[in-house]
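A short write-up of the structure that comes next.
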Amino acid sequence: FIYVPKGVRAEVPLHLLFLSDATTEQTVSFPRVLVVAERESETTVIESYAAVGDGTHVTNAVVEVCVGEGARVTHYKVQTESERAFHIASTWADLGRDGVYDGTTITLGAQLSRHGISVRLDHPGAECWVDGLYLVGTGQHADTHSLIDHRQPHCISHQNYKGILDGKSRAVFNGRIFVHKDAQKTDARQSNKNLLLSNEARIDTKPQLEIFADDVKCAHGATVGQLEEEELFYLISRGLHNELARNLLTYGFAEELVEKIKIESIKTQLDEAILNRLHARLEV
8 FIYVPKGVRA EVPLHLLFLS DATTEQTVSF PRVLVVAERE SETTVIESYA
58 AVGDGTHVTN AVVEVCVGEG ARVTHYKVQT ESERAFHIAS TWADLGRDGV
108 YDGTTITLGA QLSRHGISVR LDHPGAECWV DGLYLVGTGQ HADTHSLIDH
158 RQPHCISHQN YKGILDGKSR AVFNGRIFVH KDAQKTDARQ SNKNLLLSNE
208 ARIDTKPQLE IFADDVKCAH GATVGQLEEE ELFYLISRGL HNELARNLLT
258 YGFAEELVEK IKIESIKTQL DEAILNRLHA RLEV
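This note's numbering puts the first residue of the sequence shown at 8, with every later residue one more than the last.
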C-alpha cells in the first residue's frame, strides 16, 4: 500500500521489485499494490518483475492507482521474467479532476504475458498517457488489452504502443477507447505500431473507438511492417555489417518509448536489456 498525502511531492521514486524464485518448478505469486495519491500530490512508482532461475512459474499481479484532484502519478512497469514464466497482470487507474496518470509498460520476458490496463476518466480535466513496448521472440506470446473510459468532458488520453517480434512469436494488441455521451471536448488518441523481424512472427492488432459524444477529437491507427531494405542498404553501404545495421534500425524503432523514461538508472537498464536481447536474437 502506497499512500501519498495531500500536497506531498515525492522527490525519490518508489521501486517495487517482485522477484520470483524459479529455481524450483511451479511456483506461484499473487502480488497486489494499491497506490493512493491525494489532492495536489505527485509520485513515481516503478514496478519491476524478475526471476531467479529459469523454472516454470506464474505471476498474477494487480495494481490499483487512485489519482486525486490535481495529483500526478508516473508509473513504470518492467517485466523481465524468465521465458518459462506465465505473467498475468491487471492495472486499474481512477482519475480525479485535473489528475494525471502517466504509465509506461515494458514487456521483455515470460513465455506468456497478458497485461490488462483500464483507465477511468470520471472527472473533468483528467489526463492519461498510456504507453508500452513489447519485445518478444520464438516461443513467446504477449497480449495487451486496454480500456480508456472517457466519462466526463474536457479529458485527454494518449496511448502509444509499439511491438518488436522475432522468430516464431505472437502478440495481441486490443485497445479500446470509449467516449460516453456526456464526455464532450474529449481528446483521445491511440496508436499501435509493430515491427516484424521474422516471417514467422504474428501480430493481431485491434484498435477500437466507441464514441457517443459529438464534440470530440479522436484518432486511432495501427501499422505492421518489416525493416526497410533501403534503410538497411544505406547503413551497410556506409560500412556497417548486416547484423549491426538491423540492430540499429530496430533499436531506433523502440527508442521513442525508451527515451520517455525520465529515470536514468531505469533507462540505462532497459537500454542494456533491449540491446542484449536484440543481439542474442539477431545472431541466431
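The C-beta atom is built at its ideal place from N, Cα and C for all residues, glycine as well. Small disclaimer: the values here were computed from a predicted structure and weren't measured.
Cα-Cα separation, Glu271 to Leu115: By one-based count along the sequence shown, residue 271 stands at place 264. By one-based count along the sequence shown, residue 115 stands at place 108. Using only the alpha carbons, I get a separation of about 19 Å.
Counting pairs of Cβ atoms below 8 Å between the stretch 168 to 181 and the stretch 193 to 203, do you hit three or more? yes
Under DSSP, the beta strand (DSSP E) around Leu142 begins and ends at which residues? Position 135 of the sequence shown, counted from the start, is the residue given in the question as residue 142. Note, Leu142: beta strand (DSSP E), Glu134 to Val143.
Can you tell me whether Phe292 is buried or exposed? The criterion is at least 16 other CB atoms within 10 Å of its CB, across all chains shown. Residue 292 is absent from the structure shown; the chain starts at 8 and stops at 291.
Below 8 Å between beta carbons: does that hold for Thr51 and Pro20? Position 44 of the sequence shown, counting from 1, holds the residue named residue 51. Position 13 of the sequence shown, counting from 1, holds the residue named residue 20. Contact: yes.
In terms of alpha-carbon separation, which member of Ser36, Ile124, Leu119 and Val35 lies closest to Thr111? One-based indexing of the sequence shown puts residue 111 at position 104. For the residues Ser36, Ile124, Leu119 and Val35, the minimum Cα distance to Thr111 belongs to Ile124.
Could you check whether the Cβ of Gln233 sits closer than 7 Å to any heavy atom belonging to the ligand COA? Among the ligands in the structure shown, none appear at all, so the ligand COA cannot be discussed.
Do Ile113 and Ile155 come within 8 Å of each other at the CB atom, strictly closer than that value? The residue labelled residue 155 in the question sits at position 148 within the sequence shown. The residue labelled residue 113 in the question sits at position 106 within the sequence shown. Taking 8 Å as the Cβ cut-off, Ile155 and Ile113 do not qualify as a contacting pair.
Counting C-beta neighbours from all protein chains within 10 Å, is the total for Thr81 16 or more, i.e. buried, or is it exposed? Residue mapping note: residue 81 aligns to position 74 of the sequence shown, counting from 1. Classification for Thr81: buried.
With Glu236 as the anchor, note down where its alpha helix (DSSP H) starts and where it stops. Taking the first residue of the sequence shown as 1, we reach residue 236 at position 229. First-last of the alpha helix (DSSP H) with Glu236: Glu236 to Ser244.
On the criterion of 16 or more Cβ atoms from any shown chain inside 10 Å, does Tyr141 qualify as buried, or is it exposed? For the purposes of this step, residue 141 is taken as residue 134 along the sequence shown, with counting starting at 1. Buried: at least 16 other Cβ atoms inside 10 Å.
For Pro38, which residues in the same chain have their Cβ closer than 6 Å to its Cβ, ignoring the five residues on either side in sequence? In the sequence shown, counting from the first residue as 1, residue 38 sits at position 31. Cβ neighbours of Pro38 beyond the five flanking positions: Phe25 and Ala68.
May I ask you to report which of helix, strand or coil DSSP gives Gln118? Locating residue 118 in the sequence shown gives position 111, where the first residue counts as 1. Here Gln118 sits in coil by DSSP.
Hey, out of Gln159, His130 and Leu119, whose CA is closest to His148's CA? Working through the sequence shown from its first residue, we reach residue 148 at position 141. If we check each option's Cα against that of His148, Leu119 comes out closest.
What residues in its chain sit with their C-beta under 8 Å from that of Gly146, if we drop five residues either side in the sequence? In the sequence shown, residue 146 corresponds to position 139, counting from 1. Counting only Cβ-Cβ distances below 8 Å, and skipping sequence neighbours, we find Glu90, Gln118, Gly174, Lys175 and Ser176.
Using 10 angstroms around the beta-carbon of Leu285, count the other beta-carbons present and answer buried if the total reaches 16, otherwise exposed. Counting from 1 along the sequence shown, the entry for residue 285 is found at position 278. So Leu285 ends up on the buried side.
Please report the residue range of the beta strand (DSSP E) in which Asn201 lies. Numbered from its first residue, the sequence shown carries residue 201 at position 194. Element bounds for Asn201: Asp194 to Leu203.
Report the residue from Leu102, Lys213, Arg209 and Arg121 whose alpha carbon sits nearest the alpha carbon of Cys162. The residue given as residue 162 occupies position 155 in the sequence shown. Among Leu102, Lys213, Arg209 and Arg121, the Cα nearest to that of Cys162 is on Leu102.
What does the Cβ neighbour count give for Gln233, buried or exposed, with the cut at 16 atoms within 10 Å? Position 226 of the sequence shown, counted from the start, is the residue given in the question as residue 233. Under this definition Gln233 is an exposed residue.
Could you tell me whether the Cβ atoms of Val74 and Val107 are closer together than 8 Å? Residue 74 sits at position 67 when you count from the first residue of the sequence shown. Residue 107 sits at position 100 when you count from the first residue of the sequence shown. Yes. Within cutoff.
Simplified DSSP assignment, three categories, for Glu290: On the sequence shown, residue 290 is found 283 positions in, with the first residue counted as 1. Confidence at Glu290 is low in this model, with a pLDDT of 48, below 50, so the placement of that residue is unreliable and no value is reported for it.
My parser needs the beta strand (DSSP E) runs of 3 or more residues fully inside the stretch 162 to 188; what are they? 163 to 172 and 177 to 186
Measure the CB-CB distance between Gln191 and Ala226 and report whether it falls below 8 Å. Within the sequence shown, the letter at position 184 stands for residue 191. Within the sequence shown, the letter at position 219 stands for residue 226. Against a cut-off of 8 Å, the Cβ pair of Ala226 and Gln191 comes out as no contact.
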